[in-house]
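Colleague: In terms of our numbering, the sequence shown is residues 159 to 414. Even for Gly, the Cβ is constructed at its ideal location relative to N, Cα and C. The structure that follows is given in the form of structure tokens.
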Amino acid sequence: MNKKVVIGLIMTGMLMFAGCGQSGTDTVREASQAGNDQQTETAVDSPDTALAQSGEAIAEDAQAADTGNGEGVDVNVNGGSSDTLVVYFSRTGEQYEVGVIDKGNTAIVADMIVEQTGADVFEILPQEDYYPYTYDELTDVAKKEQNDNARPAYAGEVPDLSQYSTIFIGAPVWWGDWPMIMYTFFEENADALSGKNLIPFSTHAGSGLSGFDQKLSEACPNSTVGTGLAIAGTDAQNDPEKVRQSVGEWLSELGY
Ligand SMILES: Cc1cc2nc3c(=O)[nH]c(=O)nc-3n(C[C@H](O)[C@H](O)[C@H](O)COP(=O)(O)O)c2cc1C
């Protein structure tokens, strides 16, 4: 058995513990309850120390640096001839209740929207990818960003938004809210988003849309915000046909 396989097995064991066990569940439950409460502290129980340490070593070894979905900013725009754009943020690595994934839950839903609408796509990738590979560590970093009201920079150039009338915007729910990097996008592109039809979508572990629509309206007051869609992250990974159908029904209600 080579090193990568051994590492994979250890990681799988660790995730079964941290992702499906009490610790991970508590973390998300708290995240779900946190909503906008900026003061709520993360109380993340540590997984078994030895396993956690293995996880750190694994994270370094297992291409921890790239846990976004993109292969580079030059592939972010797909096509360029549609009047619809999908903008999304999504993480790979260890995610809640799905173990280690190589395609993010939100990325899966984004792809389905692209598939069914022929939209162009722009993936929000962090300029500096400091997000941890392991789930519990990621929740801590995300909580700190939220408490700090941070505006993490994203990589690459946003396509010329003037050609799009409708922009689908999706992300995982992080602590009851959009990940802070999405607010960077909303604010930096406030003028260009003005007058557009914005449609939010989320993936989540129980919190649904988490007010993404309301928060998007507040961040982009000169845009129209349409009916959003919330998909359970576990369904995105484990039941793509069901999700494809939900996406299809939602799109047809939106007139696609
Ligand atoms: C930092 C962090 C915070 C989270 N907070 C919540 C939450 O408040 N409510 C919820 O339902 N799920 C929460 N989750 C679970 C994610 O929303 C869910 O796993 C999502 O599908 C991940 O999507 P992605 O693979 O596209 O990043 C959180 C996950 C992370 C990593």
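Ile389 to Asn396, Cα distance in whole Å?
Modeller: Near 12 Å, if we compare the C-alpha coordinates of Asn396 and Ile389.
Colleague: Can you tell me whether Tyr341 sits near ligand 1, meaning its C-beta is under 7 Å from at least one heavy atom of the ligand?
Modeller: No, since every heavy atom of ligand 1 falls outside the 7 Å radius drawn around the Cβ of Tyr341.
Colleague: Can you look up Tyr322 in the DSSP assignment and give me helix, strand or coil?
Modeller: Tyr322 falls in the coil class under three-state DSSP.
Colleague: Just mark Thr385 as buried or exposed, buried being the case when its beta carbon has 16 or more other beta carbons within 10 Å.
Modeller: Exposed, by the Cβ-count rule.
Colleague: From the DSSP secondary-structure annotation, give me the bridge partner or partners of Ser360.
Modeller: Ser360 is bridged to Ala329 and Ala388.
Colleague: To the nearest angstrom, how far is the alpha carbon of Ala394 from that of Asn263?
Modeller: Those two C-alpha atoms are separated by around 5 Å.
Colleague: Can Ser404 be considered in contact with ligand 1, in the sense that its beta carbon sits closer than 7 Å to one or more heavy atoms?
Modeller: Incorrect: Ser404 has no Cβ contact closer than 7 Å to ligand 1.
Colleague: How far does the beta strand (DSSP E) with Gln253 in it extend, from its first residue to its last?
Modeller: Where Gln253 is concerned, the enclosing beta strand (DSSP E) stretches over Gly251 to Gln253.
Colleague: Quick check on the burial criterion: 16 or more other C-beta atoms within 10 angstroms. Buried or exposed for Tyr246?
Modeller: Buried, because 16 or more other Cβ atoms sit within 10 Å of the Cβ of Tyr246.
Colleague: Would the beta-carbon of Gln321 be found less than 7 Å away from any heavy atom of ligand 1?
Modeller: The answer is no for Gln321.
Colleague: I'd like to know whether the C-beta atoms of Gln253 and Tyr293 end up nearer to each other than 8 Å.
Modeller: Yes, the pair counts as a contact, with Cβ atoms nearer than the cut-off.
Colleague: Sort out for me which residues DSSP pairs Asn355 with in a bridge.
Modeller: Partner(s): Thr324 and Thr382.
Colleague: Since Thr392 and Glu281 are thought to touch, with beta carbons under 8 Å apart, how far apart are those beta carbons, to the nearest angstrom?
Modeller: So it is not a contact: roughly 22 Å between Cβ atoms.
Colleague: Is it right to say Asn194 is buried, meaning 16 or more other beta carbons lie within 10 angstroms of its own, or is it exposed?
Modeller: Note that Asn194 scores a pLDDT of 34, beneath 50, so its modelled location is shaky; the value from the coordinates is reported in the next line. Per the 10 Å Cβ criterion, exposed.
Colleague: Can you tell me whether Gln304 is buried or exposed? The criterion is at least 16 other CB atoms within 10 Å of its CB, across all chains shown.
Modeller: Buried, since its Cβ has 16 or more Cβ neighbours within 10 Å.
Colleague: By alpha-carbon positions, which one of Cys378, Asp318 and Gly413 ends up nearest to Ser352?
Modeller: Measuring from the Cα of Ser352, the nearest candidate turns out to be Cys378.
Colleague: If we call anything under 8 Å between Cβ atoms a contact, is Leu313 one with Thr342?
Modeller: In the sequence under discussion, the amino acid at residue 313 is Ala, which differs from the Leu named in the question. Contact flag unset, no.
Colleague: How many angstroms separate the CA atom of Ser368 from the CA atom of Ser239?
Modeller: Straight-line Cα distance between these residues: approximately 32 Å.
Colleague: Identify every residue that forms a DSSP beta bridge with Glu281.
Modeller: Paired residue(s): Tyr246.
Colleague: With Gly328 and Val267 assumed to form a contact (beta carbons below 8 Å), what rounded beta-carbon distance in angstroms separates them?
Modeller: Their Cβ separation, rounded to whole angstroms, is 6 Å, which keeps Gly328 and Val267 in contact under 8 Å.
Colleague: Count the other CB atoms, across all protein chains shown, that sit within 10 Å of the CB of Thr382; report buried if there are 16 or more and exposed otherwise.
Modeller: Exposed, by the Cβ-count rule.
Colleague: Give the secondary structure of Val256 by DSSP, where H, G and I count as helix, E and B as strand, and everything else as coil.
Modeller: The answer is coil: DSSP assigns Val256 none of H, G, I, E or B.
Colleague: Taking Gly364 as the reference, which of Trp333, Ile357 and Asp241 has the closest Cα?
Modeller: Checking every option, the nearest Cα to that of Gly364 belongs to Trp333.
Colleague: Could you check if Glu199 is buried or exposed, using at least 16 other CB atoms within 10 Å of its CB as the buried criterion?
Modeller: Low per-residue confidence applies at Glu199: pLDDT is 30, beneath 50, and the placement is therefore not dependable, though the value from the model is reported in the following sentence. Exposed, by the Cβ-count rule.
Colleague: Three-state secondary structure (DSSP) at Tyr289?
Modeller: Reduced to three states, the DSSP call for Tyr289 is coil.
Colleague: Between Gln321, Leu319 and Lys301, which has its C-alpha nearest Pro337's C-alpha?
Modeller: Looking at the Cα atoms, Lys301 is the closest of the given residues.
Colleague: Tell me, to the nearest whole angstrom, how far the beta carbon of Ser323 is from that of Asn347; I am working on the premise that it is less than 8 Å.
Modeller: Not a contact, Cβ separation roughly 15 Å.
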